[in-house]
Each structure stands twice: as structure tokens, then as C-alpha cells.
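> Take a look at the following structure, please.
There are 2 protein chains.
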Amino acid sequence: MTINETPVRERNSKRTKEKLLKAAQVAFSARGYAQASVREVAADAGCDPSLIKRYFGSKENLYQEALTAAVDVSPLMNVEKQMFGAAAADYFLQSRDLNEGADPLRMLILGAADPDAREISVKVLNDCVIGPLAEWFGGDFSQQLAAHITILCSGFFLYRNLLP
Amino acid sequence: MTINETPVRERNSKRTKEKLLKAAQVAFSARGYAQASVREVAADAGCDPSLIKRYFGSKENLYQEALTAAVDVSPLMNVEKQMFGAAAADYFLQSRDLNEGADPLRMLILGAADPDAREISVKVLNDCVIGPLAEWFGGDFSQQLAAHITILCSGFFLYRNLLP
DNA sequence: CATATATATCAACAACTGAGGACAAGTGAC
DNA sequence: GTCACTTGTCCTCAGTTGTTGATATATATG
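First to last, the protein sequences are chains A and B. First residue of the first sequence: 0, per numbering that gives the first Met the number 0; consecutive thereafter. First residue of the second sequence: 0, per numbering that gives the first Met the number 0; consecutive thereafter.
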């Protein structure tokens with residue numbers, strides 16, 4: 000060791016947390032909840048696995064925070080209501096690219112298929128997708144309309160992503 | 000131990016294989032591919048885990064045989080073609096009960112959501128569902144029609160089973 | 001400088017996984 | 001009976017998992 004490489008540990012908890020969240024979103028949407036290990040997520044984020052425990056408490060909490068941060072339906076509500084279907088289709092077709100490898104809908108579906116992540120996924124789906132959409136739609140049966148649209152998009156997603 | 004219980008190992012490879020297949024179908028459709036361990040399947044079948052290796056070679060082969068044996072679209076083709084939609088809806092609503100806890104469509108969807116089981120699931124879906132349905136439909140675009148129907152049923156399944 | 005705190009690393013644990021070898025016990029052929 | 005074969009049980013292996021405590025290091029404060 001002629002040259003002493005300075006380890007230079009970047010001590011920035013906020014940035015570390017963000018890197019962990021981003022790596023978790025990519026890993027969970029790529030391989031699902033069970034198959035994405037905390038070691039893998041930490042390695043992708045360039046830090047130690049124990050930091051996940053420190054900052055998020057557990058893998059389940061990491062998944063919940065990553066999923067909640069990834070899901071954002073506001074782009075779908077910036078159009079005329081009659082154009083919602085087209086906006087939704089456009090968005091889902093580009094979702095993975097838009098989010099740099101972290102596809103929220105894919106996270107949701109894969110999470111719903113995992114016993115340990117199902118409950119969290121369904122809660123986030125209701126709170127962050129169906130709820131806001133229903134409120135935006137307004138009127139009678141808005142909740143049912145939002146749920147049906149979500150299901151339709153899920154079937155569309157299956158066709159495009161999971162059953163090629 | 001006043002009474003000497005005779006161990007009485009039932010030596011019937013065919014029956015053992017069937018019990019393993021049945022237990023595998025129930026476990027895979029309940030918890031998905033990764034979360035259903037071979038030890039669990041063997042315990043449910045009442046035999047030793049190493050018999051899975053003996054009779055099926057690997058967990059993946061067990062999954063493939065269990066899924067192939069579970070999928071059977073022939074009940075959907077015993078009706079007039081115009082009534083196919085209703086027959087499919089009826090069948091999927093009762094699938095789990097009809098198959099005593101082993102739901103083929105659920106196995107397929109959960110399998111498609113698992114990286115290790117995705118390839119097998121998609122192959123079985125094509126060979127045992129879309130293929131036969133397309134042949135039965137006949138005519139132009141029969142393959143596309145069968146695929147779209149399968150996707151529609153998958154979305155319906157998601158609504159009923161995974162996103163409650 | 002010294003001290004305290006926040007941040008990151010390391011090593012280890014206990015549990016579980018799929019796989020597989022060694023051996024026992026039953027079954028049938030001769 | 002003897003032998004070969006099938007079937008089932010037991011035990012172990014190497015790997016991975018989520019989690020956790022002990023420890024080192026950087027930053028802030030005095």
C-alpha cells in the first residue's frame with residue numbers, strides 16, 4: 000500500500016436514505032419482495048446492510064416507504080377527465096423508463112403476489128392510488144370507478160410485463 | 000412403549016408422487032413459488048423432503064409438473080363457442096373450490112411474479128392454455144383471441160384474489 | 001485540543017433453504 | 001434363503017436470509 004487511499008466515508012444520512020430508497024425501488028420492481036434481499040439493496044446503494052435496519056427498522060418498512068415514495072398518480076390527474084384513459088395508457092407504457100428502472104405498478108403487482116408484502120401493497124394501492132383517483136373523479140360510484148380503472152391497468156400491465 | 004407400533008411404511012411410489020403433486024399444487028397456489036419450500040410440501044404430503052429430489056429432480060421440475068397437471072382448460076371447451084365467456088367466468092369463480100385448494104390460475108399468476116418460476120409459468124400458459132384455446136377457436140387471429148381472453152381472465156383474477 | 005454525537009463498518013447469529021449422500025426397510029425374482 | 005431393486009428415512013452440507021450488537025470513524029460543538 001504505497002498510496003494510502005483515503006476511505007472517505009461520505010457521512011450524509013439524508014443522501015444515504017435516498018440512495019437506499021432508490022435501490023430498493025429498483026430491486027423490488029425487478030425481482031419482487033422476497034427475491035430482493037436487503038444485502039442486495041444495500042450493495043446497490045453502496046452501503047452496509049445494517050443501515051437499512053438503522054434507517055427503516057425492517058425490510059417490510061423499507062418496502063412500504065419505497066413503494067409509497069414510488070407511487071404517484073398526480074401525472075394522471077393533470078389532464079381533462081375525458082382524456083384520463085389515454086394519459087394512463089401513455090404513462091404505464093413509459094413508467095419504467097420514466098422512473099429509471101423503478102416501476103411503481105410492477106412493484107405493486109409483484110408485492111401483491113408475495114404473502115409478506117401483500118398487506119402493505121394493498122394498503123398503499125388503496126391509499127395512494129384508488130383513494131386519490133376517486134376523489135379526483137368525484138360523484139357517485141367514484142370509488143368503484145377508480146378501483147375498476149386500477150384493475151384494468153393491472154391486467155394491461157400483466158400483458159405487457161409478466162406474461163410475454 | 001408397551002405397545003409396539005408397527006411403522007408400516009406404505010411403499011407405493013405412484014401414490015406418493017400423487018400426494019406430492021397435490022401438496023405442491025396447494026402450496027404453490029397459496030404462497031407462490033419461492034415461499035413454498037420443498038420441506039413444507041413434503042410435510043403436507045406426509046413424506047420426506049428428499050423424495051421430491053428422487054421423484055422430480057428439483058423444485059423447479061416439481062413446480063412444472065404440478066402446474067402442468069393442474070392446468071386443464073377442457074371444461075371451458077365443452078360449451079357452445081358463444082357461451083365461452085360465461086363458462087370461463089363461472090369456472091374461475093369456483094376454481095379454487097373445484098380443485099380443493101389448488102387454484103391453477105393463482106399458481107400461474109404467482110409463478111409469473113417469481114423470477115425463478117416465470118419462464119416455466121409462461122411456457123405452461125402458452126402450451127396448456129393459449130395454444131389449446133386458439134386451436135379450439137380456429138380461424139384468423141385465433142391465437143390473439145386466446146391470448147386476450149387469457150389476459151382478461153388474469154385481470155379478473157387479480158381483482159378477485161390478489162387485490163381485495 | 002477534547003468531547004460528544006451521528007454515521008458507517010464489521011462480524012456474527014440463528015433460522016431457513018435446496019440439494020444430496022448414506023443407510024434402512026420393504027418387495028419381488030430366483 | 002439370497003440377491004437385486006425399489007422405496008423411505010435420516011443426517012449433513014454449503015449457501016442465503018433478516019437481524020443485531022460491538023466497534024470504528026467522521027463531523028459538530030465546546
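The C-beta atom is built at its ideal place from N, Cα and C for all residues, glycine as well.
Quick one: Cα of leucine 151(A) to Cα of glycine 154(B), how far?
Counted from its first residue, the first sequence places residue 151(A) at position 152. Counted from its first residue, the second sequence places residue 154(B) at position 155. Each residue's alpha carbon lies about 7 Å from the other.
> Where are the alpha helix (DSSP H) runs, 4 residues long or more, that stay fully inside the stretch 43–98 of chain B, in chain order?
49–55, 58–69, 83–97
> Looking at the secondary structure, which residues open and close the alpha helix (DSSP H) in which valine 123(A) lies?
In the first sequence, residue 123(A) corresponds to position 124, counting from 1. From DSSP, the alpha helix (DSSP H) with valine 123(A) extends over 114–124.
> Going by DSSP, what residue range makes up the alpha helix (DSSP H) through tyrosine 32(A)?
Here residue 32(A) is taken as the residue at index 33 of the first sequence, counted from 1. Note, tyrosine 32(A): alpha helix (DSSP H), 12–34.
> Under the three-state reduction of DSSP, which class applies to glycine 154(B): helix, strand or coil?
Locating residue 154(B) in the second sequence gives position 155, where the first residue counts as 1. In the structure shown, glycine 154(B) sits in a helix (DSSP, three-state: H, G or I).
> Looking at the secondary structure, which residues open and close the alpha helix (DSSP H) in which phenylalanine 136(B) lies?
Counting from one through the second sequence, the residue named residue 136(B) turns up at place 137. 130–136 is the extent of the alpha helix (DSSP H) around phenylalanine 136(B).
> Is there a Cβ of chain B sitting closer than 9 Å to that of threonine 149(A), yes or no?
Against the first sequence, residue 149(A) aligns to sequence position 150. Yes, because at least one Cβ of chain B sits closer than 9 Å to the Cβ of threonine 149(A).
> Among residues of its own chain, excluding the 5 on either side of threonine 149(B), which ones have a beta-carbon nearer than 8 Å to its beta-carbon?
Residue numbering aside, residue 149(B) sits at position 150 when the second sequence is read from its first letter. Excluding positions up to five away in sequence, the list reads Leu124, Val128, Ile129, Leu132.
> Using C-beta distances below 6 Å, list every residue in its chain close to leucine 109(B), excluding the 5 sequence neighbours before and after it, in chain order.
In the second sequence, counting from the first residue as 1, residue 109(B) sits at position 110. Gly31.
> Nearest chain B C-beta to glycine 100(A) closer than 9 Å, yes or no?
Here the question's residue 100(A) lines up with position 101 in the first sequence. Chain B contact via Cβ: absent.
> Please compile the residues from chain B whose C-beta is within a distance smaller than 7 Å of the C-beta of arginine 30(A).
Here residue 30(A) refers to the residue found at position 31 of the first sequence. Chain B residues near arginine 30(A): Pro114.
> Got a sec: is the Cβ-Cβ distance from threonine 5(B) to anything in chain A below 9 Å?
The residue labelled residue 5(B) in the question sits at position 6 within the second sequence. Residue placement at threonine 5(B) cannot be trusted, given a pLDDT of 40 that sits under 50; the coordinates are not used to answer.
> If you measure between the beta carbons of alanine 101(A) and lysine 21(A), is that distance less than 9 Å?
The count along the first sequence starts at 1 and reaches residue 101(A) at position 102. The count along the first sequence starts at 1 and reaches residue 21(A) at position 22. Cβ distance < 9 Å, so alanine 101(A) and lysine 21(A) count as in contact.
> Where arginine 95(B) and serine 28(B) are concerned, what is the direct C-alpha to C-alpha distance, given to the nearest angstrom?
Looking up residue 95(B) in the second sequence gives position 96. Looking up residue 28(B) in the second sequence gives position 29. Answer to the nearest angstrom: the Cα atoms are 9 Å apart.
> Which residues in the same chain have their Cβ closer than 8 Å to the Cβ of isoleucine 119(B), if we skip the five residues on either side of it in sequence?
For this step, residue 119(B) is matched to residue 120 along the second sequence. Closer than 8 Å at the Cβ level, and outside the excluded window around isoleucine 119(B), lie Glu59, Tyr62, Gln63, Leu66, Gly110.
> For chain B, find out if any of its Cβ atoms is closer than 9 Å to the Cβ of arginine 53(A); answer yes or no.
Along the first sequence, one-based indexing puts residue 53(A) at 54. Output row for arginine 53(A): interface = no.
> Among the residues of its own chain, which have a CB less than 8 Å from the CB of leucine 75(B), if the five just before and after it don't count?
Here residue 75(B) corresponds to residue number 76 of the second sequence, with the count starting at 1. Only Phe83, Ala86, Ala87, Tyr90, Leu132 meet the Cβ criterion.
> With a 10 Å radius around its C-beta and 16 neighbouring C-beta atoms as the bar for buried, classify glutamine 93(B) as buried or exposed.
Counting from one through the second sequence, the residue named residue 93(B) turns up at place 94. The residue in question, glutamine 93(B), is exposed, as its Cβ has fewer than 16 Cβ neighbours within 10 Å.
> Under 9 Å between C-beta atoms, does arginine 95(B) make it to chain A?
If you number the second sequence from 1, residue 95(B) lands on position 96. With 9 Å as the cut-off, arginine 95(B) does not count as an interface residue toward chain A.
> Looking at chain B, is there any beta carbon in it that lies within less than 9 Å of the beta carbon of glutamine 142(A)?
For the purposes of this step, residue 142(A) is taken as the residue at position 143 of the first sequence. Output row for glutamine 142(A): interface = no.
> With respect to 8 Å, is the separation between the Cβ of isoleucine 108(A) and the closest non-hydrogen atom of the ligand FAD below this value?
Among the components modelled here there is no ligand, and therefore nothing to report on the ligand FAD.
> At a CB distance below 7 Å, what residues from the stretch 125–140 of chain B approach chain A? Give them in sequence order.
The stretch 125–140 of chain B vs chain A, Cβ under 7 Å: nothing.
> Where glutamate 168(A) and glutamine 142(A) are concerned, what is the direct C-alpha to C-alpha distance, given to the nearest angstrom?
One cannot answer for residue 168(A) here, as it falls past the ends of chain A, which runs 0 to 163.
> Would you kindly report the start and end of the unbroken alpha helix (DSSP H) that includes leucine 104(B)?
Residue 104(B) sits at position 105 when you count from the first residue of the second sequence. Here the alpha helix (DSSP H) through leucine 104(B) covers 103–111.
> Are the beta-carbon atoms of alanine 68(B) and valine 40(B) separated by less than 9 Å?
Within the second sequence, numbered from 1, the residue matching residue 68(B) stands at position 69. Within the second sequence, numbered from 1, the residue matching residue 40(B) stands at position 41. No, Cβ-Cβ distance for alanine 68(B) and valine 40(B) is not below 9 Å.
> When you compare only the Cα positions, how much space is there between asparagine 98(A) and leucine 162(A)?
Sequence index remark: in the first sequence, residue 98(A) carries index 99 (1-based). Sequence index remark: in the first sequence, residue 162(A) carries index 163 (1-based). Asparagine 98(A) and leucine 162(A): Cα-Cα distance of roughly 22 Å.
> Under 8 Å between beta-carbons, which chain A residues line up against isoleucine 119(B)? List them in chain order, please.
Counted from its first residue, the second sequence places residue 119(B) at position 120. Within 8 Å Cβ-Cβ: nothing; isoleucine 119(B) doesn't reach chain A, min ~13 Å.
> Excluding sequence positions up to five away, which residues of its chain have a Cβ less than 8 Å from the Cβ of arginine 117(B)?
As a first step, residue 117(B) must be located in the second sequence, where it is residue number 118. Correct list, in chain order: Gly110, Ala111.
> With DSSP collapsed to three states, give me the class of leucine 162(B).
Residue numbering aside, residue 162(B) sits at position 163 when the second sequence is read from its first letter. Leucine 162(B) sits in coil when the DSSP states are folded into three classes, being neither helix nor strand.
> If you compare alpha carbons, which of Gln81(B), Lys13(B), Ala146(B) is closest to tyrosine 54(B)?
One-based indexing of the second sequence puts residue 54(B) at position 55. Here the closest residue by C-alpha is Lys13(B).
> For cysteine 46(A), I'd like the list of residues in its chain whose CB is within less than 8 Å of its CB, leaving aside the five on either flank, ordered along the chain.
Counted from its first residue, the first sequence places residue 46(A) at position 47. Cβ neighbours of cysteine 46(A) beyond the five flanking positions: Thr15, Lys18, Leu19.
> Excluding sequence positions up to five away, which residues of its chain have a Cβ less than 6 Å from the Cβ of serine 36(A)?
Position 37 of the first sequence, counted from the first residue, corresponds to residue 36(A). Cβ neighbours of serine 36(A) beyond the five flanking positions: none.
> So, valine 78(A) versus proline 103(A), is the Cβ gap smaller than 9 Å?
Translated into positions along the first sequence, residue 78(A) becomes position 79. Translated into positions along the first sequence, residue 103(A) becomes position 104. Cβ atoms of valine 78(A) and proline 103(A): not closer than 9 Å.
> In angstroms with no decimal places, state the Cα-to-Cα distance between leucine 50(A) and asparagine 11(A).
Working through the first sequence from its first residue, we reach residue 50(A) at position 51. Working through the first sequence from its first residue, we reach residue 11(A) at position 12. Using only the alpha carbons, I get a separation of about 12 Å.
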